[in-house]
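Participant: Heads up, the sequence shown is in the numbering used here, so the first residue is 12 and it goes up one at a time. Ideal placement from N, C-alpha and C gives every residue a C-beta, glycine not left out.
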Amino acid sequence: MHNFLPTFENLQQRKLPVRNTCRLCEASADTIDHLVFSCPVSLGLLDSVGLPPAPTSQQLNFAENFATWFMQVSKKQQTLIVITYWALWYTRNAIVHDDSTCSTVKVSTFILAFHLELDSLADVSDPTLKVKDVKWFLPDGDSLSVIKKLNSDIPDKSVISPIISDTKEASKNFELLTFSYVGRKGNEPAHELAKIGLQYREPRYWIEEASASVDLAQRERPP
Ligand SMILES: [Zn+2]
12 MHNFLPTFEN LQQRKLPVRN TCRLCEASAD TIDHLVFSCP VSLGLLDSVG
62 LPPAPTSQQL NFAENFATWF MQVSKKQQTL IVITYWALWY TRNAIVHDDS
112 TCSTVKVSTF ILAFHLELDS LADVSDPTLK VKDVKWFLPD GDSLSVIKKL
162 NSDIPDKSVI SPIISDTKEA SKNFELLTFS YVGRKGNEPA HELAKIGLQY
212 REPRYWIEEA SASVDLAQRE RPP
């Protein structure tokens, strides 16, 4: 937990000409301590999602205070805290950059709905479920070397070694899992999706319908 968030206090310390006032309450300096532990808007938000305010001690710095608080609360509250500050930081930035206003009711409704959704997802992804036989085909690219690393017993030392070891660890949840290489021709929909993704600099998320070209590639796939 480093104090690297671009609060106005931090920007001012880096000699940037900014007005150092919390945009949520307009009543105090915009520091990370204020935002998390004492901003009335932030405290009101915690209260509206059912979280008690953090007990803080003058003897501890921000990171220590936050860590102490975080370790004291239940797992459910920890998740709520993370979502709350993520939503709060998002709201604060919307005020700073887009002149939007803050509605505590709107933000707390979002936090509770998001938490509920997360909870229901946790129910369906039961880690004890074992899938019998899964074949996973990776699309084209450097995937041949990835597949070789996944199938090898020699520990990988390349830059992607954390991904390889995570994948190997996760694969222990399956009774049988095979990694096989499939060329570009073998997976047109994935290739089409990757092609579309290359057009954008920022990440995109596929929520419901795939784009028409991906749909077409899927329908034209050999059975
Ligand atoms: Zn404030």
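Quick one, which of R30, Q229 and L187 has its alpha-carbon nearest H202's?
Facilitator: Q229
Participant: Taking the alpha-carbon of L35 as reference, which of Q24, V107, V93 and F48 has the nearest alpha-carbon?
Facilitator: V107
Participant: Considering only C-alpha positions, which residue in the set E199, Q210 and E213 is nearest to S224?
Facilitator: E199
Participant: Spatial neighbours of L204 within its chain, please: C-beta separation below 6 angstroms, excluding the five flanking residues on both sides.
Facilitator: Cβ within range, chain order: V225.
Participant: Please list, following the chain, all residues that have a C-beta closer than 7 angstroms to any non-hydrogen atom of ligand 1.
Facilitator: C33, L35, C36, A38, S39, H45, L46, C50, P51, V52 and S53
Participant: Alpha carbon to alpha carbon, what distance is there between I171 and K179?
Facilitator: 12 angstroms
Participant: Which of the three DSSP states is assigned to S68 in this structure?
Facilitator: Three-state result, S68: coil.
Participant: Could you round the C-beta distance between C113 and T120 to whole angstroms and report it? I think they count as a contact, below 8 angstroms.
Facilitator: Not quite, the Cβ-Cβ distance comes to about 13 angstroms (not below 8 angstroms), so this is no contact.
Participant: Below 8 angstroms CB to CB, which residues in the same chain sit around P64 once its five sequence neighbours on both sides are set aside?
Facilitator: F48, L54, L57 and D58
Participant: Go through its chain and collect everything with a Cβ distance to I43's Cβ below 7 angstroms, but skip five positions before and after it.
Facilitator: N14, L16, T18 and F73
Participant: Could you check where the alpha helix (DSSP H) with L56 kicks off and where it finishes?
Facilitator: P51 to S59
Participant: Could you say which of S176, K87, N31 and M82 lies nearest to L127 if we only look at CA atoms?
Facilitator: K87
Participant: For the alpha helix (DSSP H) that contains I207, what are its first and last residues?
Facilitator: E199 to G208
Participant: According to DSSP, simplified to helix, strand and coil, what is Y211?
Facilitator: coil
Participant: Can you name the start and end residues of the alpha helix (DSSP H) that T32 belongs to?
Facilitator: From DSSP, T32 is part of no alpha helix (DSSP H); its letter is neither H nor E.
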